[in-house]
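Our numbering puts the first residue of the sequence shown at 1, with every later residue one more than the last.
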Amino acid sequence: MIPDRRVLLWIVAQAVCAVVLFMGIADGRFQIRGDISTFEHSNSEGSELDAVWTELRGQQTGQGSVLLSHQDPDRAVGAALALKAALMAHPGLFSAELTGQNPEDQQLSELLLQAFPGVVSRKDRQDLEQSEGEGILARALAGLTIPGMALSFTDPARDPFNLTGLALISAFDPAIPDQLIGGVPVFRSADGVSHVRVPFQADGVNDLEGESDLAAAVRAVVAETLQDRPQVQVHFLGGVFFSADIAKASRAETERLTLLSALWVLAVIVASMRSVRILIATALVLGLGLLWGGAAAALIWGSVNTVALGFAGGLLGVVADYIFHYFLARPDCDKCVALATRKALLFGALSSAVGFASLLFASFDLLAQIAVIACAGIAAAMTTILILFPAIGLLPIPTNQQQALFSAKLRRQHIRIAGFLGYSVMGLALLAGGFLSLQPPSDDVRTLGHAPEALLRDAELGAELFPSTQISRFLVVEADDSQELLEQLESIAPALRGLQQLGQITSAFVISDLIPSLSQQSETAALVKNGLAPRWARVTGLPFVVPKPELLTIESVQAVAPQHRALQVVHHTHDGRVWAAVPIVGGTTTAVSELAQRFEGVYLMDPVDGANRAFEQSRRGAQYALLAALVLLWTLFCMRDGVAHGTRLALVPAAAVVAAPALAALVGVPLNLLTVMSLFLVLAIGADYAIFLGDPDIGSHPETYRAVSLSALSSVGAFAILGSSSLPAIHQIGSVLCAGLTVAWLLSPFSTHVIGTNK
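Here you go:
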């Protein structure tokens, strides 16, 4: 027997989706990402600095360090040396902090020996460390690290305090180690534990998957190297571990809760319909919906964000609506009622798709992903229900008389108290709305992730020992040539030191400190007197002097060490201009932004602040899109049912959209992009409730009310599970949806033609 043409079309559509999925998995396009990279927008707002921002972001990937701790400093040093050797032998990893064996470090050392008068070679270092000034001098010496390179200095027998090479330290403001063991800096924390830091750098790592692989490789090397040193504690520092661990935790949490939500929906269906065939059919619809949506997103963007995936779990609620309404329709009804049911299903799917499609107007990748996933999933569900199910004999189940009587009684009671419930809920929403209006929107992307506790403890220890590693923002300085750039940097350096003295920033790494000009010769004494000397000078009390500027220039440094990651500060744009980035540690964005506005050609680039601004702009865009979706939905209702009844239908989802964020605010859920985009799903599902109960042909049937109530039970339960997530993003989405759909169900009788009667 030849299948129906529509069934053939359905089979072809599934085959195309399967091919897309297979090809996506084969070439690595179908990936699930757990970072917040989809929240990132260019900080330069489309200006010519876009390339600068991209390059700066790329410089921060693939870097990290391993901190080895032990009560005995000798054991910590021994473990660090073993780990360094293992990392150096591992393909793709590089570490030169401990002994400075990097060839570029050696070339740079030679240049610095020429630029700093009276500086001795490294071979004299051991004798110097054992001199009378070992304590202070060794600590100052160990601080002279451009990662991996320790400078030599003047022979103390001739001039023990003329540590001319130490002028270099002001560029990096590093931590001063407590002692040197075999030339290895050892740092001691407040609890007396000794720590040795082993940094690494991997080239070619520019995305989350690469950082995850790098973090896994480093952890494997650490585990293998230290397996016979169980007493050595290991701490992982750097964004590479944060990105990998947060992504892993987010993905696992999202997948677990999405599975639990699906099981809840299936459990409600089994308990209400008691049919294995319907259970299998529902699982098929849910799976196809998620697969179609995921395949569409992966095909367009190359990956699916975990927030979008968690939100896609909301599709379970929409699809459950269609399942309940299809199978609980009266099997003995006439053709007109059957046609009305199909029309209501199609109209409900159309209204939901329109609501989600409005997210595309927000011009934000994450929202666009959700729109594509939702629309593709709804299309897959509807085609399966309306084409495949009738063709294979899956028809509405016979109505149980007892269930029908119970549903009719519950419907009458719900209609009777709908007015009281409506006024009560709206009154509570107004009170909550007043509370919400007192709380400013939270557009901080850092509140969306959840780092493991162990990683947070490691980060706190790293910040205590190495404050200069906590770079939070950049000042980008542009100029026509290197000389003008150097002058610009010299002009902003005193202002940055002033912010540091006032405590508004922790420190700033200015290349003009590394490459001083003659004009600084007269400023040196004043800087020491005013307490603005480099940190090493303030700690040790030793003087510092200026090197020979004619030898130490930007060009000379780049000539001997063009790829040195500590000196990649001068870059060229496509139009021949040059720019340099000044990393800023700590402080507030406001203080640095005000400083940047005082200088021409100086721009602030703050990764977090830029993402927050994009987050805020997208939230505002989503709010306008939500308003447009409400108006469009009201227009569709009015076109089908007239202005009076169309307005009554639109009031149910509109009231739920208004009440949901206000009620969620009472339990601490902020107003942000996630809560706004959750309202699109509230709008879509709430519109379904109104469409079915407000239909003049099927709205008064007990089966319709039962389908709406079971749909609400499955959806509210599924989103309550998401609301229990420890991941803030998923928790916020689930909480808003749970509150919104509860309000939509409570107010759904307002949409019926017979409200206020017992018919």
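Just so you know, even glycine gets a beta-carbon here, dropped at the ideal spot from N, CA and C.
Since the structure is predicted, the reported quantities are computational estimates derived from the model, not experimental observations.
Remark: C-beta atoms of SER352 and VAL304 do not approach each other more closely than 8 angstroms. When DSSP states are grouped into helix, strand and coil, PHE599 belongs to the coil group. For ALA297, the CB contacts under 6 angstroms within the same chain, skipping 5 residues up- and downstream, are VAL304, GLN369, VAL372, ILE373 in chain order. In the DSSP assignment, VAL193 falls outside any beta strand (DSSP E) and carries neither an H nor an E.
Apart from the 5 residues on each side of it in sequence, ALA654 sits with its Cβ closer than 7 angstroms to the Cβ of LEU630 in its chain, given in chain order.
Comparing C-alpha distances from GLN231 to each of TYR326, LEU359, LEU288, SER69 shows the shortest one belongs to SER69. Residue state for ALA684 is assigned as helix, using DSSP reduced to three classes.
By the neighbour-count definition (other C-beta atoms within 10 Å, threshold 16), ILE392 is an exposed residue.
Ranked by Cα distance from LEU651, the first of VAL708, THR752, ILE584, PRO199 is THR752. Counting C-beta pairs closer than 8 angstroms gives three or more between the region 257-274 and the region 718-728, which meets the contact rule. Here GLU594 is exposed: its Cβ has fewer than 16 other Cβ atoms, across all protein chains shown, within 10 Å.
C-alpha of ALA662 to C-alpha of ASP688: approximately 22 angstroms in a straight line.
TRP292 is a Cβ neighbour of ALA380, given a cutoff of 8 angstroms. Judged by DSSP in its simplified three-state form, VAL669 adopts coil rather than helix or strand. In this structure, the beta-carbon distance from VAL682 to LEU741 falls below 8 angstroms.
Counting only residues of its own chain and dropping the five nearest sequence neighbours on each side, ALA495 has a CB closer than 6 angstroms to the CB of LEU595. In this structure LEU673 is in contact with PHE615, their Cβ atoms being roughly 6 angstroms apart against a cut-off of 8 angstroms.
A check of alpha carbon separations from PHE719 across LEU489, ALA493, VAL265 identifies VAL265 as the nearest. Contact between THR225 and ALA86 holds: CB atoms are separated by about 4 angstroms, below the 8 angstroms threshold. With 16 or more other Cβ atoms from the protein chains shown falling within 10 Å of its own Cβ, LEU679 counts as buried. Distance from the Cα of LEU237 is smallest, within the candidate group SER700, LEU737, VAL658, LEU67, for LEU67. When rounded, the separation of the alpha-carbon atoms in LEU649 and ILE323 is 22 angstroms.
Just measuring C-alpha positions, the residue of HIS731, PHE200, GLY686, ALA215 sitting nearest VAL657 is GLY686. For VAL716, the enclosing alpha helix (DSSP H) starts and ends at 702-723.
Closest option to GLN233, judged by alpha-carbon separation, among VAL77, THR675, ALA581: VAL77.
In the DSSP assignment, GLN63 is bridged to GLN201.
Under the three-state reduction of DSSP output, SER751 falls in the helix class. When the five nearest sequence neighbours on each side are left out, the beta carbons in the same chain lying within less than 6 angstroms of the beta carbon of THR589 are those of ASP606, ASP609, in order along the chain. ARG277 and ALA262 have their alpha carbons spaced roughly 17 angstroms apart.
The residue from VAL676, GLN71, GLY646 with its alpha-carbon nearest to that of GLN617 is VAL676.
Within the DSSP secondary-structure output, GLU478 pairs in a beta bridge with TRP579. In this structure, the straight-line span from the alpha carbon of GLY587 to that of VAL218 is close to 31 angstroms.
Collapsing the DSSP output to three states places GLN231 in coil. Across the structure, GLY498 and ALA459 are spaced so that their CA atoms are roughly 28 angstroms apart. LEU395 and ARG342 have their C-alpha atoms spaced approximately 12 angstroms apart. Taking a C-beta distance under 8 angstroms as the contact criterion, VAL198 and SER65 qualify as a contact pair.
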